[in-house]
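Numbers given in the working numbering equal positions in the sequence shown, counted from 1, plus 40.
Have a look at the structure below, then the notes.
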Amino acid sequence: MARNEQSLEESQDSERTPLLLSNVTRHTPTPLPWRQLFVLFWIQLAEPLTSQVIYPFINKMVSDMPITGGDEAKMGYYAGLIESLFSVTQALTVLYWSRLSDRVGRKPIILIGLLGLTLSTACFGVSSTFWGLILSRCLSGALNGNAGVIKSMMGEITDETTIAQAMALMPVIWNTGATIGPVIGGWLSNPHEQFPSLFPGHFWKMYPYALPCFVVAIYCAGTLIVTFLYLDESVKFYNAASDTLEAGDSSTSSTPSALPSQLPLSKVLTPQVRISIITYTLLAFLDIALRAIQPLFLTASPSFGGLGFSVPLVGTCLAAFFFTSGIYQALAFAPIYAWMGPKRIYVISMMMFVPIWVLFPMMSRSLGKDKAVNVVTWVDLVLQISLYVIMDMGFSSAFIYIRASAPNAYSIGVTNGLAQTGASIARAIGPASATSLFALSVQISPNTQTQIGVVLRWLGSNLVYVVFILISVGAVMAVKRLPEKLELLVVNQRE
């Protein structure tokens, strides 16, 4: 606590200054703060719901607009652009929200993010123009800095005896939302056609994708209320007048100033922070590219390299991906973490991307001459789901590395903000690059006559998968540069 006392002495000229308390090293496990974790997980669930609900119908939604000109091959370009906009705008603002949360507290920033998700998701469902979709997604990303702030709170309310168990649950919550989101988007879209007796009005015919968006927006609004009532502030403030530490209160009239011990960005970006951010960014890039390719591959007709599934079936397949992974994470990650350690889990998880990408062309080739899905196709799809489950463990390891790499207790928010900025940039580039490469691959003609025509003809529709296999290999090499022992990072943070 020597550093905390020194910081308090340096800040006597400020009436109320924020103080992030680092955990004291403990040898016996401490109880998890389940009440606060439940609220945080409830908040976290809103983001995958809002991002994943559009995936089953976004390609059809774009193709129904005049922007594509009826050309199915262009569907991937515009769908990928819309999917990327949330991450583009989030990348531009998430660091600001994270640093601001170090000053005013985590809770007010989370409330703003939930409000942004509520409004933007509802607007997306009633957008009938391409520009309306773009504006809605931009609003959603710009107002939402919750991803980094939630991770900061998780690091503040846990210690080294509970962080693995708590962080292991974060991908579970994400996968829960990623499971429910596609189901909502797939089964509640076009309610006028699917449930004509329940939704007979002209509104549902004019806006066939409004219902799933409204359902998710209502959840976000309810979460905002739960957060306001039950979430406790994790940032502690020093009140010089009473010489006490107290939880942040966003309703105070005076805005607290930053602690002198808060580091500038140049000093926060230590080698440990940089390699943790780089590996997390690569993981996020490959993951979001996979999430963008998967529904496009499933919905595209066999002549365009896909399987030609219906929108409800796509939603069910995506739900199977995320549901299986969520169950596995909840039950298996903590004991596997204790057995293997964070680095081995991280390396193995990243390696799984290679066979995952290989299975896409294998499924396409398994259709045969009649272009019908058969037993081999389903076996390949189940195998891909299994590999995805193993890959998804990498996120828990990534979160732990980022939390442990923070230079000091006062840099938790900015470290998570930097990591989330990198992930947001990756998630902005990922869908557009993946779907554009997919569209380019299916447009390569067997008779292409260019200087690289021989290579392109040989790759054909496999170009997109070859590119991401190479990126996956590079990501594995990057993860191998992480420290073997995570404890050293935790000790350095608390010096």
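Think of the CB as a built atom: it goes at the ideal place given N, C-alpha and C, for glycine as much as any other residue.
Asked                                                                                                                                                                                  : Found
Would you kindly work out how many angstroms separate the C-alpha atoms of residue 139 and residue 457, rounded to a whole number?                                                     : 7 Å
Can you grab the Cα-Cα spacing for the pair residue 37 / residue 270, in whole Å?                                                                                                      : The question about residue 37 has no answer, for the chain in this structure spans 41 to 535.
When the Cα atoms are used, what is the spatial distance from residue 392 to residue 430?                                                                                              : 7 Å
Say whether the segment 414-424 touches the segment 92-108, bearing in mind that this needs 3 or more beta-carbon pairs closer than 8 Å, one atom from each stretch.                   : no
Less than 7 Å between the C-beta atoms of residue 149 and residue 84, yes or no?                                                                                                       : no
In chain order, what are the residue ranges of uninterrupted beta strand (DSSP E) at least 3 long that sit wholly in the segment 168-234?                                              : none
Where does the unbroken alpha helix (DSSP H) through residue 352 begin, and where does it stop?                                                                                        : 351-380
Can you tell which of 74, 511, 472 and 215 has the C-alpha that lies nearest to the C-alpha of residue 121?                                                                            : 472
Taking the alpha-carbon of residue 346 as reference, which of 173, 88, 335 and 306 has the nearest alpha-carbon?                                                                       : 335
Between residue 423 and the rest of its own chain, which residues show a CB-CB distance below 7 Å, the 5 nearest in sequence each way excluded?                                        : 399
Since residue 422 is in the alpha helix (DSSP H), which residue starts that stretch and which ends it?                                                                                 : 415-431
Would you tell me roughly how many angstroms separate the C-alpha atoms of residue 511 and residue 462, rounded to the nearest one?                                                    : 16 Å
Can you grab the Cα-Cα spacing for the pair residue 341 / residue 366, in whole Å?                                                                                                     : 30 Å
Going by DSSP, what residue range makes up the alpha helix (DSSP H) through residue 524?                                                                                               : Segment: none, residue 524 is in no alpha helix (DSSP H) and carries neither H nor E.
In terms of residue numbering, what span does the alpha helix (DSSP H) encompassing residue 96 cover?                                                                                  : 95-103
I need the straight-line Cα distance from residue 514 to residue 127, nearest angstrom please.                                                                                         : 23 Å
To the nearest angstrom, how far is it from the Cα of residue 404 to the Cα of residue 394?                                                                                            : 17 Å
Across the segment 432-443 and the segment 311-328, are there enough close Cβ pairs to call them in contact, namely three or more that are closer than 8 Å?                            : yes
What's the gap between the Cα of residue 103 and the Cα of residue 168?                                                                                                                : 12 Å
Can you confirm whether the segment 256-264 touches the segment 149-162 when touching is taken to mean that 3 or more C-beta pairs between the two stretches lie within less than 8 Å? : yes
For residue 144, which three-state DSSP category applies?                                                                                                                              : helix
With DSSP run on the structure shown, which of helix, strand or coil describes residue 129?                                                                                            : helix
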